[in-house]
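Peer 1: Okay, handing you the structure first.
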């Protein structure tokens with residue numbers, strides 16, 4: 334099946350592969366290592382999946398805020414996003 | 614609260630749906646993401662453009678950034694106005710619907726009618742209805758000496774679209790609220806009568822709290838739909854006069870299909886989608902949490 338029309342790049346392919354991998358890992362974890370939701374700083378019970386989703390959503394906003402502020406080097410929001418994701422998985 | 618870990622294995626049963634969603638949504642979405650980081654000269658040849666499209670989008674001094682921020686404000690104002698009118702009006706209408714007798718069916722059916730009309734037909738009806746020369750509404754207003762022209766005056770165009778949306782969707786809010794009101798047991802009203810509560814205090818202390826959950830659903834549905842509005846303004850005003858009623862969706866279609874500006878359109882649609890996703894998630898979480906607390 335030709336995929337030329339999708340205009341793939343290595344960067345976006347890597348991005349989606351990483352998300353797909355994370356989703357598969359989370360699915361397997363949820364099935365074979367079930368957890369109970371816990372209540373953290375977000376004020377409602379969250380599972381690993383919720384924390385992952387909030388991390389991804391937050392990451393998008395971190396990039397948007399950084400670009401709105403006119404930031405040039407995108408490694409700064411990358412680092413911020415990783416810190417945010419770690420914080421979410423620890424505290425949320 | 615249940616202390617046992619939740620077993621999630623039943624989720625494997627949704628794999629077939631996931632495959633379908635992959636084709637209908639995820640593959641197109643991935644393509645949009647690919648477009649958003651590249652520039653194209655046509656002929657299916659693409660060049661890496663990094664985050665440039667997004668930078669343009671978030672910079673109000675660029676053409677696309679200015680259009681985006683103005684359209685976003687317009688969308689938020691429109692959703693806000695529509696919610697402020699439709700939610701109170703819907704509650705009011707629901708309170709007036711008869712509770713028993715033959716009138717119930719007649720009222721409910723006639724209220725459902727606007728919702729059965731397809732969006733583009735609603736647009737066409739109102740486009741003709743609001744015309745200043747031959748439309749009943751437009752001609753009547755003009756005849757009464759009120760300046761009204763929805764093709765030239767932004768205020769007229771906005772009021773037409775807001776009134777049209779109110780006409781189209783208030784009955785949905787009313788029907789949801791009516792269902793919520795019907796679910797309140799008579800015992801509450803009897804207790805209120807014994808305590809000598811007035812109409813307002815019955816509404817404030819019994820009906821409104823009991824309506825909270827349906828109201829959250831109504832706000833969610835009305836917000837999502839008004840935030841995505843496309844067909845009606847596209848038919849009635851086409852985004853005009855000028856860009857007075859160019860909502861995000863109309864602008865997106867102009868950029869993507871009118872100007873075939875794939876990079877800008879892809880970046881805009883991703884941010885649009887992100888806003889919708891975030892609001893959906895906030896509403897959904899609030900709803901499920903309220904449900905959990907309500908049943909606990």
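Residue numbers (this note's numbering), protein chains in the order written: chain C, 334 to 425; chain L, 614 to 909. Beta carbons are placed, not taken as given, at the ideal position from N, Cα and C, and that holds for glycine. Model, not experiment: these values are computed from the prediction.
#1: How many Å lie between residue 887/L and residue 746/L at the Cα?
#2: Kindly say whether residue 367/C, judged by its beta-carbon, lies nearer than 8 Å to any beta-carbon of chain L.
#3: According to the neighbour-count rule (16 or more other Cβ atoms, all chains shown, within 10 Å of its Cβ), is residue 631/L buried or exposed?
#4: Going by C-alpha distance, which of 762/L, 671/L and 692/L is nearest residue 835/L?
#5: Below 8 Å on the Cβ atoms is my contact criterion, and I expect residue 695/L with residue 859/L to pass it. Report the Cβ-Cβ distance as a whole number of Å.
#6: Helix, strand or coil, according to DSSP, for residue 335/C in the structure here?
#7: Along chain L, which residues have their Cβ under 7 Å away from the Cβ of residue 407/C?
#8: Spell out whether any CB of chain L is found under 8 Å from the CB atom of residue 390/C.
#9: Note down the Cα distance separating residue 382/C from residue 885/L, rounded to an integer number of angstroms.
#10: Are there 16 or more other CB atoms within 10 angstroms of the CB of residue 733/L, so buried, or fewer, so exposed?
#11: Could you tell me if residue 882/L is buried or exposed, where buried requires 16 or more neighbouring beta carbons within 10 angstroms of its beta carbon?
#12: Under a Cβ-count criterion, where at least 16 other Cβ atoms within 10 Å of its own Cβ denotes burial, should residue 410/C be classed as buried or exposed?
#13: Pull up the DSSP beta-bridge partners for residue 653/L, would you.
#14: Specify whether the segment 761-768 of chain L and the segment 787-804 of chain L touch according to this definition: at least 3 beta carbon pairs, one from each stretch, less than 8 Å apart.
#15: If you measure beta-carbon to beta-carbon, which residues of the segment 877-897 of chain L are closer than 8 Å to chain C?
#16: Applying a beta-carbon distance threshold of less than 9 Å, which residues of chain C neighbour residue 657/L?
#17: Flag this pair as touching only if the segment 631-644 of chain L and the segment 362-381 of chain C have three or more C-beta atom pairs under 8 Å; answer yes or no.
#18: Mind checking which residues open and close the alpha helix (DSSP H) that includes residue 353/C?
#19: Determine, using beta carbons only, whether residue 737/L and residue 848/L come nearer to each other than 8 Å.
#20: Could you name each continuous alpha helix (DSSP H) segment of 4 residues or more that falls completely within the segment 747-809 of chain L, going from the start of the chain to the end?
#21: Say whether chain C places a C-beta atom closer than 8 Å to the C-beta of residue 660/L.
#22: Anything in chain D within Cβ reach of residue 622/L, meaning under 8 Å, just list it in chain order.
#23: How would you list, in chain order, the residues of chain L whose beta-carbon sits under 9 Å from the beta-carbon of residue 400/C?
#24: Where residue 868/L and residue 851/L are concerned, what is the direct C-alpha to C-alpha distance, given to the nearest angstrom?
#25: Where does residue 378/C sit, in a helix, a strand or coil, going by DSSP?
#26: Less than 8 Å between CB atoms is the rule here; does residue 345/C satisfy it with respect to chain L?
#27: Considering only their Cβ atoms, is the gap separating residue 792/L from residue 703/L smaller than 8 Å?
#28: Spatial neighbours of residue 707/L within its chain, please: CB distance less than 7 Å, with the 5 preceding and 5 following residues excluded, ordered by chain position.
#29: Per DSSP, which one or two residues make a beta bridge with residue 372/C?
#30: CA-CA distance, residue 614/L and residue 895/L?
#31: Going by Cα to Cα distance, which pick from 841/L, 658/L, 671/L and 633/L is closest to residue 877/L?
#32: Hey, would you say residue 395/C sits closer than 8 Å to residue 413/C, going by beta carbons?
#33: Going by DSSP, what residue range makes up the alpha helix (DSSP H) through residue 815/L?
#34: Suppose you measure from the CA of residue 341/C to the CA of residue 758/L; what does that come to, to the nearest Å?
#35: Out of 660/L, 906/L, 686/L and 650/L, which has the shortest C-alpha to C-alpha gap to residue 669/L?
#36: Let me check understanding here. Comparing Cα to Cα, which of 663/L, 647/L and 624/L lies closest to residue 365/C?
Peer 2: Let's see:
#1: Within the second chain, the letter at position 274 stands for residue 887/L. Within the second chain, the letter at position 133 stands for residue 746/L. Per the coordinates, the alpha-carbon of residue 887/L lies some 42 Å from the alpha-carbon of residue 746/L.
#2: Along the first chain, read from residue 1 onward, the residue named residue 367/C stands at position 34. Yes, residue 367/C lies at the interface with chain L (some Cβ there is under 8 Å from its Cβ).
#3: The sequence position of residue 631/L within the second chain is 18, counting from 1. Flag for residue 631/L reads exposed.
#4: Walking along the second chain from the start, residue 835/L turns up at place 222. Closest by alpha carbon: 692/L.
#5: Locating residue 695/L in the second chain gives position 82, where the first residue counts as 1. Locating residue 859/L in the second chain gives position 246, where the first residue counts as 1. Actually they do not touch by this definition, with Cβ atoms about 17 Å apart.
#6: By one-based count along the first chain, residue 335/C stands at place 2. If DSSP states are grouped into helix, strand and coil, residue 335/C belongs with coil.
#7: Residue 407/C sits at position 74 when you count from the first residue of the first chain. Per Cβ cutoff of 7 Å: 664.
#8: Taking the first residue of the first chain as position 1, residue 390/C is located at position 57. Yes, its Cβ sits closer than 8 Å to a Cβ of chain L.
#9: What you label residue 382/C is simply residue 49 of the first chain in a count that begins at 1. What you label residue 885/L is simply residue 272 of the second chain in a count that begins at 1. Roughly 23 Å separates the two Cα atoms.
#10: Counted from its first residue, the second chain places residue 733/L at position 120. Exposed, since its Cβ has fewer than 16 Cβ neighbours within 10 Å.
#11: Stepping through the second chain from its first residue, residue 882/L is reached at position 269. That one is buried.
#12: As a first step, residue 410/C is located in the first chain; it is residue number 77 there, counting from the start. Looking at its Cβ environment, which holds 16 or more other Cβ atoms inside 10 Å, residue 410/C is buried.
#13: Within the second chain, the letter at position 40 stands for residue 653/L. Residue pairing by DSSP places residue 653/L opposite 659/L in a beta bridge.
#14: Between the segment 761-768 of chain L and the segment 787-804 of chain L there are fewer than three C-beta pairs closer than 8 Å, too few to call the two in contact.
#15: Close to chain C, meaning a Cβ-Cβ distance shorter than 8 Å, are the following residues of the segment 877-897 of chain L: 884, 887, 890, 891 and 894.
#16: Here the question's residue 657/L lines up with position 44 in the second chain. Ordered by position in chain C, the residues that pass the 9 Å Cβ test against residue 657/L are 337, 338 and 340.
#17: Three or more Cβ pairs closer than 8 Å define a contact, and the segment 631-644 of chain L falls short of that threshold against the segment 362-381 of chain C.
#18: For the purposes of this step, residue 353/C is identified with residue 20 of the first chain, where counting begins at 1. In the DSSP assignment, residue 353/C falls within the alpha helix (DSSP H) that extends over 343-365.
#19: Residue mapping note: residue 737/L aligns to position 124 of the second chain, counting from 1. Residue mapping note: residue 848/L aligns to position 235 of the second chain, counting from 1. Cβ atoms of residue 737/L and residue 848/L: closer than 8 Å.
#20: List check, alpha helix (DSSP H) in window: 749-756, 767-795 and 799-807.
#21: Looking up residue 660/L in the second chain gives position 47. Among the residues facing chain C, residue 660/L is not included, as its CB has no counterpart in that chain under 8 Å away.
#22: Chain labels in this structure do not include chain D; the protein chains are C and L.
#23: Indexing the first chain from 1 puts residue 400/C at position 67. Neighbours of residue 400/C on chain L, chain order: 664, 667, 668, 670, 671 and 672.
#24: Here residue 868/L refers to the residue found at position 255 of the second chain. Here residue 851/L refers to the residue found at position 238 of the second chain. Distance from the CA atom of residue 868/L to the CA atom of residue 851/L, rounded to whole angstroms, is 14 Å.
#25: As a position in the first chain, residue 378/C is number 45, starting the count at 1. It is a strand residue.
#26: Numbered from 1 along the first chain, position 12 holds the residue referred to as residue 345/C. By the rule that beta-carbons nearer than 8 Å mark a contact, residue 345/C touches chain L.
#27: Counting from one through the second chain, the residue named residue 703/L turns up at place 90. Counting from one through the second chain, the residue named residue 792/L turns up at place 179. At least 8 Å separates the beta-carbon of residue 703/L from that of residue 792/L.
#28: The sequence position of residue 707/L within the second chain is 94, counting from 1. Excluding sequence positions up to five before and after residue 707/L, its CB lies within less than 7 Å of the CB of 787, 790, 791 and 794, all in the same chain and listed in chain order.
#29: Taking the first chain and counting its residues from 1, one reaches residue 372/C at position 39. Answer by DSSP bridge pairing, in chain order: 378/C.
#30: Position 1 of the second chain, counted from the start, is the residue given in the question as residue 614/L. Position 282 of the second chain, counted from the start, is the residue given in the question as residue 895/L. Since pLDDT at residue 614/L reaches only 48, below the 50 mark, its modelled position is unreliable, and no value is offered.
#31: Counted from its first residue, the second chain places residue 877/L at position 264. Comparing C-alpha distances from residue 877/L to each of 841/L, 658/L, 671/L and 633/L shows the shortest one belongs to 671/L.
#32: Mapped onto the first chain, residue 395/C falls at position 62. Mapped onto the first chain, residue 413/C falls at position 80. With contacts defined by Cβ atoms closer than 8 Å, residue 395/C and residue 413/C form a contacting pair.
#33: Taking the second chain and counting its residues from 1, one reaches residue 815/L at position 202. Its alpha helix (DSSP H) spans residues 812-815.
#34: As a first step, residue 341/C must be located in the first chain, where it is residue number 8. As a first step, residue 758/L must be located in the second chain, where it is residue number 145. In a straight line, the C-alpha of residue 341/C is about 59 Å away from that of residue 758/L.
#35: The sequence position of residue 669/L within the second chain is 56, counting from 1. The residue with the shortest Cα to Cα distance from residue 669/L is 650/L.
#36: Residue numbering aside, residue 365/C sits at position 32 when the first chain is read from its first letter. Per the Cα distances, 624/L.
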